[in-house]
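Quick notes on the structure that follows.
Numbering (our numbering), first residue to last: 760 to 907.
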């Protein structure tokens, strides 16, 4: 996903979360990619209350669970990190969800719904370790999206 396409149909908040995902990847020394776990960390960093409401756990609990399953990757100094196949799937789901709900823009809740929709080994293990029920979280996010 290029920056120009994202700037056209992503809200400032969603762009901020994706930017923070890149920073989280660098912080975790996964400089070669942005995975769905990084997208969730970016959302946690940028919008902890929104994520806490959706997941039903404290942001630090989810962050700790994600970090516990992380292993450092090769260091890379490239400015723009590529998205993994799973993170692209999450972004596409966010875009599709926004369209289906008649929104011209992808917001943070669409992005969170997209992240919760993908099956990623690392993120799924972290989610289970933190006690997050995916179906319940998706239901809460969708309710928030449809209520306005």
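Cβ atoms here follow ideal geometry from the backbone N, Cα and C, with glycine treated the same way.
Residues bridged to residue i (per DSSP)
{"i": "residue 865", "result": "769"}
{"i": "residue 825", "result": "Residue 825 pairs with nothing; no bridge assigned."}
{"i": "residue 842", "result": "793"}
Rounded C-alpha distance that separates residue i from residue j
{"i": "residue 858", "j": "residue 906", "result": "16 Å"}
{"i": "residue 866", "j": "residue 882", "result": "21 Å"}
{"i": "residue 785", "j": "residue 848", "result": "21 Å"}
{"i": "residue 873", "j": "residue 841", "result": "17 Å"}
{"i": "residue 843", "j": "residue 875", "result": "15 Å"}
{"i": "residue 769", "j": "residue 846", "result": "15 Å"}
{"i": "residue 863", "j": "residue 903", "result": "17 Å"}
{"i": "residue 879", "j": "residue 795", "result": "7 Å"}
{"i": "residue 817", "j": "residue 788", "result": "24 Å"}
{"i": "residue 821", "j": "residue 889", "result": "6 Å"}
{"i": "residue 783", "j": "residue 901", "result": "26 Å"}
{"i": "residue 884", "j": "residue 767", "result": "34 Å"}
{"i": "residue 898", "j": "residue 810", "result": "13 Å"}
{"i": "residue 868", "j": "residue 853", "result": "8 Å"}
{"i": "residue 851", "j": "residue 814", "result": "21 Å"}
{"i": "residue 861", "j": "residue 827", "result": "38 Å"}
Rounded Cβ spacing between residue i and residue j (contact assumed at less than 8 Å)
{"i": "residue 776", "j": "residue 805", "result": "5 Å"}
{"i": "residue 780", "j": "residue 793", "result": "5 Å"}
Worksheet item: Hey, is the segment 891 to 898 in contact with the segment 788 to 806, meaning 3+ C-beta pairs nearer than 8 Å?
Response: no
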